[in-house]
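Let me begin by presenting the structure, written as structure tokens, before commenting on it.
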Amino acid sequence: MTEKTVYELSQPGRSGVTFPDPDVPNTPLPESFAREDLVLPELSELDVIRHFTTLSKLNYSIDGGFYPLGSCTMKYNPKINEQIVRLPGLANTHPLQPIVSIQGNLYIMYQLQEWLQEISGFQTVSLTPAAGAQGELVGALIIKKFHQINEDPKRNKILIPDSAHGTNPATSSMSGFKVVPMPSDERGNVDLEALKTECDDSLAGLMLTNPNTLGLFEENVETVIDLVHDAGGLVYGDGANLNALLGILRPGDVGFDIMHFNLHKTFSTPHGGGGPGSGPVGVSEQLAEFLPGPIVIMIEEGDEDTPPFYGFHYPRYSIGRMKAFYGHFGMHARAYAYIAMHGPEGLRNIAEKAVLNANYLMTKVKEDYVLPYDRTCMHEFVVEGAWKDVPKIHALDISKRLMDYGFHPPTNYFPLIVHEALMIEPTETESKQTLDAFAKALKAIANEAREAPEVLHQAPHTTPVRRCDEVKAARDLVLCCWIPD
Amino acid sequence: MFTPHTKNEIKEMLKVIGVDTIEDLFEKVPEKHRFPELDLPEPLTEMELAVELNEISSANAPADDFISFLGAGAYNHYIPAAVDMLLRRGEFYTAYTPYQPEISQGTLQSIFEFQSLMTELTGMDVSNASHYDGATAAAEAANLAYHFFRGKRNKILVTRAVHPQYRETIRTYMYGLEDVVVFGDEEQAGFSPDLQNTLDQIDNNTALVVVQYPDFFGRILDYTKLIEIAHARGALVCMVFNPTALGLLKPPGEFDVDIAVGDGQPLGIPLSFGGPYLGIFTIKEKYVRKLAGRLVGETVDEEGQRAYVLTLTAREQHIRREKSTSNICTNQGLMALAATVYLSLLGKKGFKQVANLCYQKAHYAAQKISKLEGFELAFPDTPFFHEFVIKTPKPVFEMNFHLQNHWVLGGYDLNQAYPELEHHMLVAVTEKISKQDIDDFVLALQEVTND
Numbered sequence: 000m001t002e003k004t005v006y007e008l009s010q011p012g013r014s015g016v017t018f019p020d021p022d023v024p025n026t027p028l029p030e031s032f033a034r035e036d037l038v039l040p041e042l043s044e045l046d047v048i049r050h051f052t053t054l055s056k057l058n059y060s061i062d063g064g065f066y067p068l069g070s071c072t073m074k075y076n077p078k079i080n081e082q083i084v085r086l087p088g089l090a091n092t093h094p095l096q097p098i099v100s101i102q103g104n105l106y107i108m109y110q111l112q113e114w115l116q117e118i119s120g121f122q123t124v125s126l127t128p129a130a131g132a133q134g135e136l137v138g139a140l141i142i143k144k145f146h147q148i149n150e151d152p153k154r155n156k157i158l159i160p161d162s163a164h165g166t167n168p169a170t171s172s173m174s175g176f177k178v179v180p181m182p183s184d185e186r187g188n189v190d191l192e193a194l195k196t197e198c199d200d201s202l203a204g205l206m207l208t209n210p211n212t213l214g215l216f217e218e219n220v221e222t223v224i225d226l227v228h229d230a231g232g233l234v235y236g237d238g239a240n241l242n243a244l245l246g247i248l249r250p251g252d253v254g255f256d257i258m259h260f261n262l263h264k265t266f267s268t269p270h271g272g273g274g275p276g277s278g279p280v281g282v283s284e285q286l287a288e289f290l291p292g293p294i295v296i297m298i299e300e301g302d303e304d305t306p307p308f309y310g311f312h313y314p315r316y317s318i319g320r321m322k323a324f325y326g327h328f329g330m331h332a333r334a335y336a337y338i339a340m341h342g343p344e345g346l347r348n349i350a351e352k353a354v355l356n357a358n359y360l361m362t363k364v365k366e367d368y369v370l371p372y373d374r375t376c377m378h379e380f381v382v383e384g385a386w387k388d389v390p391k392i393h394a395l396d397i398s399k400r401l402m403d404y405g406f407h408p409p410t411n412y413f414p415l416i417v418h419e420a421l422m423i424e425p426t427e428t429e430s431k432q433t434l435d436a437f438a439k440a441l442k443a444i445a446n447e448a449r450e451a452p453e454v455l456h457q458a459p460h461t462t463p464v465r466r467c468d469e470v471k472a473a474r475d476l477v478l479c480c481w482i483p484d
Numbered sequence: 000m001f002t003p004h005t006k007n008e009i010k011e012m013l014k015v016i017g018v019d020t021i022e023d024l025f026e027k028v029p030e031k032h033r034f035p036e037l038d039l040p041e042p043l044t045e046m047e048l049a050v051e052l053n054e055i056s057s058a059n060a061p062a063d064d065f066i067s068f069l070g071a072g073a074y075n076h077y078i079p080a081a082v083d084m085l086l087r088r089g090e091f092y093t094a095y096t097p098y099q100p101e102i103s104q105g106t107l108q109s110i111f112e113f114q115s116l117m118t119e120l121t122g123m124d125v126s127n128a129s130h131y132d133g134a135t136a137a138a139e140a141a142n143l144a145y146h147f148f149r150g151k152r153n154k155i156l157v158t159r160a161v162h163p164q165y166r167e168t169i170r171t172y173m174y175g176l177e178d179v180v181v182f183g184d185e186e187q188a189g190f191s192p193d194l195q196n197t198l199d200q201i202d203n204n205t206a207l208v209v210v211q212y213p214d215f216f217g218r219i220l221d222y223t224k225l226i227e228i229a230h231a232r233g234a235l236v237c238m239v240f241n242p243t244a245l246g247l248l249k250p251p252g253e254f255d256v257d258i259a260v261g262d263g264q265p266l267g268i269p270l271s272f273g274g275p276y277l278g279i280f281t282i283k284e285k286y287v288r289k290l291a292g293r294l295v296g297e298t299v300d301e302e303g304q305r306a307y308v309l310t311l312t313a314r315e316q317h318i319r320r321e322k323s324t325s326n327i328c329t330n331q332g333l334m335a336l337a338a339t340v341y342l343s344l345l346g347k348k349g350f351k352q353v354a355n356l357c358y359q360k361a362h363y364a365a366q367k368i369s370k371l372e373g374f375e376l377a378f379p380d381t382p383f384f385h386e387f388v389i390k391t392p393k394p395v396f397e398m399n400f401h402l403q404n405h406w407v408l409g410g411y412d413l414n415q416a417y418p419e420l421e422h423h424m425l426v427a428v429t430e431k432i433s434k435q436d437i438d439d440f441v442l443a444l445q446e447v448t449n450d
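Going down the list, the protein sequences come from chains A and B. Start counting the first sequence at 0; every next residue gets the next number (numbering that gives the first Met the number 0). Start counting the second sequence at 0; every next residue gets the next number (numbering that gives the first Met the number 0).
In structure tokens form, the structure reads like this:
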């Protein structure tokens, strides 16, 4: 089924939300600046509500079902978080209000910084980055500035494992670095021999995701970090997969220098159909003054009668501002609430159940699917979505068929180092019953692949639209709907 | 609490995996550092948390407790109830990037409608699905221009009347590209409305000129000549706009700019202490293959039904990796939805009303304040939209401190970002401010001056 666009629904002369007439004398706008026409839709409030409600029903969501999109940590988003951020004291505060009038916000940010530091083992956290990729940019620019201040600017090379997210190499080249891909060994770890040959005096740093995108714990993590440090480089930790490490390992303890957090993955802030994310960055002591500001500090400690007083700090060698104001405060407040509800044991429980779920599901799924790196996984695992005996079936067909069974497909065709990859991350909030049902669907699809392959090729059959012509979309490029003259 | 596992289920699952305990799954984690004791407070139940957050929230004074004249990049507009009701639908906010179009048509069509509304609003050809905020959108414009010229033009020229935090963000983004210089906004450059200083600096090495409309001081300047000269010298022009102002003003597209960016926060997004907001990024069609970020395109499905998909993905980091121009991945999906719903609800009539109310009330306020003894407009001869600068008889921070006692949130103290603008207040007026509020503000200004 399809839904008309807001412009197709528009009826000339209809109006939705309107405003009072001006209560002040009229001042004419200089004619040379006045716009002739602005064609916006003309709809009633109910038209708008029906339209977007209809659209919402065309979406798959976590609230609607199992969403094992690998590397995205599609866990349940607690409803209380949504209620909290709409409190007028939080939602209706202006970023430039006098700091005496926003002490509650600064308290939340200060505590969140402290808690993220404790959880990760880093010395200082800046909350300003808007998303994981921006956190990475912070990291790469810190590496750059660190070497410059140490009068070592010839270090222009960043090593990136071949299993890494595309954001890692993209970030590095945005930061003016040369990107050198690092191969993985047969156990899915960074190939140590290859790493050693690149550890020279042009090495700026390494970007390492741990657990990596295969869902595997980097078995030589300490050796890898030591090698880079010994060569004078810094190690950036991509925190995309931190959900597996809460209360299990603090990346700062094993020597990572910098890491971003994805509040929208690990700390349950909603993914919003593609954002907003939030990507705070933690660093070791020697890098604290390179962070982007502002950082919230306690200006005066409180006592029995007066609460502490908070304010902003702009680090001395800061790489600079990443965006206007202070980051995605609405996401900070949700992450604060999430951590406050869990406490130390609760956080460890998250990682434990995420890893339990992934290993349980992996054990079941590998009965029918090739598992290229067969060892205990962390929070996710990657199988091949293809079989030698039915070469015409691809990961895409399996993904589309899963929709008919009522599931969101896993991430497909990533990581690039696995043939026809299906990357499955169940998260800790899913029950055994859901995992069993998903495993059963995958098993049924494996059978269909042999017995009725056309069912897979033609899938999905039950979705609002069928397979879409992506080639046409790119060739005929229609990026804007019909707008009446 | 959010994990559903019963003891029996855990036992069964461990048995299937073939290990005895959950701890066994973590053997590869270095033992010395495994299972750290985290020094965090004991957990709160939902009920306790709700109480605590209410207390924290009441340690703030929300803008609506005051009569607020604070803007400077974040504006206190009225948000119709229907916007948030729709945003709260789990089908929208608990979905992710619509990689699988068959089950993401809701998100895809709403982004497509967002793109359409943004091109209509700006008069530009193409809008992407969003950037983080106005500042990062401006920085991505610099990035686009740099890559458009393949690094052969290395100057990014910004005027001093562009939002100071946007200028800082552009500098941060350009820091990694060592040959790029960002300049033109030094104190001596000033902010004369004839833009002569900026015009003089555009040369054959200029990749991009960044201007703001209305500018940071609320002024509506005529950029026609600047744009002509920039184009004559081969440079691109990026206009930073305020979306509400475009309800009345000639859109960036009519000025023939190459890139128009803005912050969509005024379009139905709460102040939320500075974020999350919405970066709007629009371009002329010829730059589409250099455009960063997600794009939704229209197509058909196998049965010929209209459908929407993410398109031109070969530009993006997950395909091009180190060869992509930007690393952006997650953007501001839900905020783009808010703006789409807001503009649909207000529509042709309501949106123009809001823009006009802002304009009229701001002008009434400016006129009243300029008549106060000791106060004057800093740019009396330049048209403005809904923000204006007044010279004050006392330091602004001091006045604002006392204004709080009158439950007035005074305007932005320009001295914070402009050393040369002592005693200069940037006053913003939205449709939420009544004539009475303005009269009260004028009275309060008089009182705190006389204190």
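Cβ coordinates follow ideal geometry from the N, Cα and C atoms, glycine included. For clarity, every value in this text was computed on a predicted model and none was experimentally measured.
Give the interface partners of residue 323 of chain B over in chain A, defined as CB-CB distance under 7 Å, in chain order.
Taking a Cβ-Cβ threshold of 7 Å, the residues of chain A close to residue 323 of chain B are 169, in chain order.
Contact between the region 106-114 of chain A and the region 127-136 of chain B (3+ Cβ pairs under 8 Å):
no
So the candidates are B/410, B/293 and B/407; which of them puts its Cα closest to the Cα of residue 473 of chain A?
It is B/293.
Cα-Cα separation between residue 34 of chain B and residue 447 of chain B, rounded to whole angstroms
For residue 34 of chain B and residue 447 of chain B, the gap between their C-alpha atoms comes out near 58 Å.
Using a cut-off of 8 Å between C-beta atoms, extract the partners of residue 175 of chain A located in chain B.
Here the neighbours are 175, 176 and 177.
Under 7 Å between beta-carbons, which chain A residues line up against residue 311 of chain B? List them in chain order, please.
Per Cβ cutoff of 7 Å: 473.
For the candidate residues A/375, A/391 and A/26, whose alpha-carbon lies nearest to that of residue 456 of chain A?
For residue 456 of chain A, the nearest C-alpha among the options comes from A/391.
Nearest-angstrom Cβ-Cβ length linking residue 134 of chain A and residue 259 of chain A, presumed shorter than 8 Å
Going by Cβ atoms, the distance from residue 134 of chain A to residue 259 of chain A rounds to 3 Å, so yes, they are a contact pair.
Might you give, ordered along the chain, the residues of its own chain that have their beta carbon closer than 6 Å to the beta carbon of residue 340 of chain B, omitting 5 neighbours on each side?
Within the same chain, 82 and 85 come within 6 Å of residue 340 of chain B by CB-CB distance, once the 5 residues on both sides are set aside.
When Cβ atoms are compared, which residues of the region 400-418 of chain B fall closer than 8 Å to chain A?
400, 403, 408 and 411
Note down, in chain order, all residues in the region 61-72 of chain B with a beta-carbon under 7 Å from any beta-carbon belonging to chain A.
61, 62, 63, 67, 69, 71 and 72
Looking at chain A, is there any beta carbon in it that lies within less than 8 Å of the beta carbon of residue 1 of chain B?
yes
Assuming residue 305 of chain B is part of the beta strand (DSSP E), what are its boundary residues?
305-309
Below 8 Å CB to CB, which residues in the same chain sit around residue 267 of chain A once its five sequence neighbours on both sides are set aside?
The beta carbon of residue 267 of chain A is closer than 8 Å to those of 74, 75, 76, 77, 80, 333, 334 and 337 in its chain, skipping five residues each way along the sequence.
Between residue 233 of chain A and residue 173 of chain B, what straight-line distance do the alpha-carbon atoms span, to the nearest angstrom?
21 Å
For a cutoff of 8 Å on Cβ pairs, would you count residue 183 of chain A as touching chain B?
For residue 183 of chain A, the closest Cβ of chain B is not nearer than 8 Å.
Quick one: using the 10 Å Cβ neighbour count with 16 as the cut-off for buried, is residue 485 of chain A buried or exposed?
Limits of chain A in this structure are 0 at one end and 484 at the other, which puts residue 485 of chain A out of reach.
So, at 7 Å on beta carbons, what are the nonlocal neighbours of residue 12 of chain A in its own chain, with the 5 sequence-adjacent residues on each side left out?
So the list reads 41, once near-sequence residues are dropped.
Return helix, strand or coil for residue 123 of chain B, following the three-state DSSP convention.
coil
For residue 240 of chain A and chain B, any beta-carbon pair shorter than 8 Å?
Answer no: the Cβ-Cβ gap between residue 240 of chain A and chain B never drops below 8 Å.
Expressed to the nearest angstrom, what Euclidean distance is found between the alpha-carbon atoms of residue 9 of chain A and residue 469 of chain A?
28 Å
Could you tell me whether the Cβ atoms of residue 282 of chain B and residue 261 of chain B are closer together than 8 Å?
no
Going by alpha carbons, who is nearest to residue 123 of chain A out of A/406, A/313, A/431 and A/379?
A/313
If residue 45 of chain B sits next to residue 330 of chain A, beta carbons under 8 Å apart, how far is it from one beta carbon to the other, in whole angstroms?
Not quite, the Cβ-Cβ distance comes to about 19 Å (not below 8 Å), so this is no contact.
CA nearest to the CA of residue 137 of chain B, picked from B/19, B/234 and B/208:
B/208
Taking residue 211 of chain B as part of the beta strand (DSSP E), name the residues at either end of that continuous run.
205-212
Determine the chain A residues that contact residue 91 of chain B at a beta-carbon separation under 7 Å, and present them in chain order.
55, 58 and 272
With respect to the beta strand (DSSP E) encompassing residue 357 of chain B, which residues constitute its N-terminal and C-terminal limits?
Run containing residue 357 of chain B: none in the beta strand (DSSP E); it sits in the alpha helix (DSSP H), 332-369.
Return the bridge partner residues of residue 281 of chain B from the DSSP annotation.
Bridge partners of residue 281 of chain B: B/126 and B/259.
Just how far apart, CA to CA, sit residue 383 of chain B and residue 26 of chain A?
When rounded, the distance between both Cα atoms is 11 Å.
For the beta strand (DSSP E) holding residue 157 of chain A, just list the boundary residues, first then last.
Counting along the chain, the beta strand (DSSP E) containing residue 157 of chain A begins and ends at 156-160.
Under 8 Å, do residue 325 of chain A and residue 72 of chain B count as touching if we go by C-beta distance?
no
Quick check on residue 398 of chain B: does DSSP put it in helix, strand or coil?
helix
Under 7 Å Cβ-Cβ, which residues of chain A neighbour residue 346 of chain B?
14, 15, 39, 40, 41 and 42
If the cut-off is 8 Å on Cβ atoms, which residues from the region 367-393 of chain B count as contacting chain A, listed in chain order?
382
Residue 146 of chain B by DSSP, collapsed to three states: which one?
helix
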